[in-house]
Amino acid sequence: MQPSLPATELSDKRLINSRYQLHELVGTGGMGAVYRATDRLNGDIVALKQIQLPPGGASRSDESFRLSLAHEFQTLAGLRHPHIISVLDYGFDAGATPFFTMRFLPAAQNILQKSSQLPFGQQVAYIQQLLQALNYLHRRGILHRDLKPDNVLISADDLYVLDFGLALNEQVQQYVTGGTPLYMAPELLAGDIYSPAADLYAVGVIFFQQLTGRHPFAPFDFRFVDRVFNDEPDWRDVDPRVQPVLARLLSKSPTNRYGRPADVMQALARLLGQSAQPENEAIRESYLQAATFVGRQPELAQLSAALAEAVAGQGSAWLIGGESGVGKSRLIREMRTKALVAGCVVLEGQAVKGAARPYSLWDE
Numbered sequence: 002m003q004p005s006l007p008a009t010e011l012s013d014k015r016l017i018n019s020r021y022q023l024h025e026l027v028g029t030g031g032m033g034a035v036y037r038a039t040d041r042l043n044g045d046i047v048a049l050k051q052i053q054l055p056p057g058g059a060s061r062s063d064e065s066f067r068l069s070l071a072h073e074f075q076t077l078a079g080l081r082h083p084h085i086i087s088v089l090d091y092g093f094d095a096g097a098t099p100f101f102t103m104r105f106l107p108a109a110q111n112i113l114q115k116s117s118q119l120p121f122g123q124q125v126a127y128i129q130q131l132l133q134a135l136n137y138l139h140r141r142g143i144l145h146r147d148l149k150p151d152n153v154l155i156s157a158d159d160l161y162v163l164d165f166g167l168a169l170n171e172q173v174q175q176y177v178t179g180g181t182p183l184y185m186a187p188e189l190l191a192g193d194i195y196s197p198a199a200d201l202y203a204v205g206v207i208f209f210q211q212l213t214g215r216h217p218f219a220p221f222d223f224r225f226v227d228r229v230f231n232d233e234p235d236w237r238d239v240d241p242r243v244q245p246v247l248a249r250l251l252s253k254s255p256t257n258r259y260g261r262p263a264d265v266m267q268a269l270a271r272l273l274g275q276s277a278q279p280e281n282e283a284i285r286e287s288y289l290q291a292a293t294f295v296g297r298q299p300e301l302a303q304l305s306a307a308l309a310e311a312v313a314g315q316g317s318a319w320l321i322g323g324e325s326g327v328g329k330s331r332l333i334r335e336m337r338t339k340a341l342v343a344g345c346v347v348l349e350g351q352a353v354k355g356a357a358r359p360y361s362l363w364d365e
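2 is the number of the first residue of the sequence shown in the working numbering; add one for each residue after it.
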């Protein structure tokens, strides 16, 4: 992959798939670079992330890998939760570099910048929002893998989790790494596999920093790893009501931590003498979305064959019909993924009655 261009080198010709106009570079990380961009299809400002594959990884022309990565994006694009920044679009640019777009949050601050000086109750409320988002991800088998303050943003008093989950299956996991040493659990520093308990450890570190203004095992020097493995945090600045929760989150052993984010939420509510925070309508609805694609194999096989013919220069038109709710849109989304992997440009549109536009008759 070619290095991402710095903001000063971007020009009006810097387009992704003739749709996304890149502007300034707004962030970099272990997985790639993030730009502020304009979606020329609708004029929206989005955040576009280009994925940097590690040297020696799968070839960009490896169709099996590209399909796995596209399905990763497809899964993430189906997530809907009030405290998660969802993937809006995904694909591969002209150089076969994978990318995805997200909602852009102007003037957002990370959780430490925003909440370190806030009252204790508001600090805990933000941690509860973080745990709600994490609970949603874990219940879908998605681990964040890189929880840190810069991936937990607050905008207009609402918390959002981003930059998660690119390691859902083994093939992608071989090539996409994650984790920031300051927020990595002891077992990860020892080379063990990632688990839900590692995400909860990172929540503990963020919570500790939020309350005290310092890392539980600071400073980040040559003894840092030794302290993570052997020392206990200095609890002097921690509210004693939440110290038991923090102590369990920061446990050296993953088996001694909480089993689920929901368990942490309940423990916090109990220790603070609060009732469990009820799920609002948006959160309840989020658990009914993003179902896994099943069935429709004969139709999928027919459309896949038509796609292969189109790539070979023999295009065709297909109409997909059926009763509401039988899976037409889901089938189309699956084919969209396959078309992107095959290097096709995918166009989407909608006919509107009475719009007096070309092809509006297709609405009938």
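Just so you know, even glycine gets a beta-carbon here, dropped at the ideal spot from N, CA and C.
- DSSP places L138 in the uninterrupted alpha helix (DSSP H) bounded by 121-140.
- The segment 152-162 makes contact with the segment 111-121: 3 or more CB pairs, one atom from each, lie closer than 8 Å.
- In this structure, the CA atom of Q22 is about 50 Å from the CA atom of R237.
- Looking only at V246, Q124, R41, the smallest Cα-Cα distance to S19 is reached by R41.
- By the Cβ test, the segment 255-262 is not in contact with the segment 210-224, since fewer than three Cβ pairs between them sit closer than 8 Å.
- Beyond the five residues adjoining it in sequence on each side, G28 comes within less than 8 Å, by CB distance, of A34, V35, D151 in the same chain, given in chain order.
- Close CB contacts of P99 within its chain, under the 7 Å cut and outside five residues either way in sequence, are with I52, L70, F93 (chain order).
- Proximity to D164 across D158, L247, A134, L183 peaks at A134, based on C-alpha coordinates.
- If you compare the alpha carbons of R249, A199, P182 with that of E233, the shortest gap goes to R249.
- A residue is called buried when at least 16 other Cβ atoms come within 10 angstroms of its Cβ; F121 does not meet this threshold and is exposed.
- Within the model, the alpha-carbon separation for F74 versus L190 is close to 28 Å.
- Residue range 244-250 is occupied by the alpha helix (DSSP H) that includes A248.
- With respect to the 8 Å criterion, N136 and P262 are classified as neighbours on the basis of their beta carbons.
- D147 is positioned such that its CB atom lies closer than 8 Å to that of T181.
- According to the DSSP assignment, M103 belongs to the beta strand (DSSP E) that extends over 99-104.
- Straight through space, the alpha carbons of Y184 and V347 are spaced by roughly 39 Å.
- Every alpha helix (DSSP H) of 4 residues or more that sits fully in the segment 175-238 is shown, in chain order, as 187-190, 197-213, 225-231.
- Its chain contains T102 as the residues whose beta carbon lies nearer than 6 Å to that of D90, once the 5 sequence neighbours on both sides are disregarded; these appear in chain order.
- Here R67 is buried, its C-beta having at least 16 other C-beta atoms within 10 Å.
- Going by beta carbons, S317 and A309 fall outside the 8 Å limit.
- Secondary structure at F165: coil, using DSSP grouped into helix, strand and coil.
- Apart from the 5 residues on each side of it in sequence, A199 sits with its Cβ closer than 6 Å to the Cβ of A186, L189 in its chain, given in chain order.
- A distance below 6 Å between beta-carbons, with the five flanking residues on each side excluded, links G344 to no residue of its chain.
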